[in-house]
Structures are given as C-alpha cells and as structure tokens.
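**Student:** Residues are numbered in this note's numbering as their position in the sequence shown, beginning at 1, plus a constant of 10.
Quick reminder that beta carbons are idealized off the backbone N, C-alpha and C, glycines included.
Treat the numbers as computed from the prediction; the structure is a model and nothing was measured.
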Amino acid sequence: FREVTTMISYEPFWKTLQEREMSTYTLIYKHGILPDTIQRLRDGKTITTKTINTLCIVLGCNVSDILQFVPEDENEG
11 FREVTTMISY
21 EPFWKTLQER
31 EMSTYTLIYK
41 HGILPDTIQR
51 LRDGKTITTK
61 TINTLCIVLG
71 CNVSDILQFV
81 PEDENEG
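#1: Can you give me the C-alpha to C-alpha distance between HIS41 and ASN63, rounded to a whole angstrom?
#2: Please classify TYR20 as buried or exposed, where buried requires at least 16 other C-beta atoms within 10 Å of its C-beta.
#3: I think PHE23 touches ILE76, with their Cβ atoms under 8 Å apart; what is that distance to the nearest whole Å?
#4: Note down the Cα distance separating LEU114 from MET17, rounded to an integer number of angstroms.
#5: Between ARG30 and the ligand GTP, is there a pair consisting of the residue's CB and a ligand heavy atom that are separated by less than 7 Å?
Structure, rendered in structure tokens:
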C-alpha cells in the first residue's frame, strides 16, 4: 500500500484575480481579506472553507475559480 499525497493548487485564484482586474491590495483594504491569507495563498498553504467562501463572494466566482486539486502524479512531473 502506497500512501497517496494530494495537493491543492491556488493557481486558479491568481488567474481569477487578474481577470477581475483586482489586486491583493484591494482584497486586503477594501474587502478585509487578511494579509496572512494572501501569503498563505502565495505559499500554497491551507485556508479555511470560510475564507474560500468569502473569496468566492468578493470575486463573484465558483470554488473552482479559487483552487484545484492536483493529483500526486501531476506534482511529480
């Protein structure tokens, strides 16, 4: 049995942010997203479902526009 590791990528978030012509500055100072949250997204660290929900509301998008599941095999390539 081999342990499977998974990864969540926030690459769609950065694309969505660019498409909406919105900056991280705007998210922080207009919408109250914490700077730590932006850093966590940059670093690929976990964020809460509440944060995902807030980002979807602020950006007017779906969860798939914030994150995607990347299977282990694709991470190794």
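**Tutor:** Checking against the coordinates, here is how it stands:
#1: Within the sequence shown, numbered from 1, the residue matching residue 41 stands at position 31. Within the sequence shown, numbered from 1, the residue matching residue 63 stands at position 53. Cα to Cα, the separation comes out at about 13 Å.
#2: As a first step, residue 20 is located in the sequence shown; it is residue number 10 there, counting from the start. By the 10 Å Cβ count, TYR20 comes out buried.
#3: What you label residue 23 is simply residue 13 of the sequence shown in a count that begins at 1. What you label residue 76 is simply residue 66 of the sequence shown in a count that begins at 1. Correct: roughly 5 Å between the Cβ atoms.
#4: For residue 114 there is no data in the structure shown, the boundaries of the chain being 11 and 87.
#5: Among the ligands in the structure shown, none appear at all, so the ligand GTP cannot be discussed.
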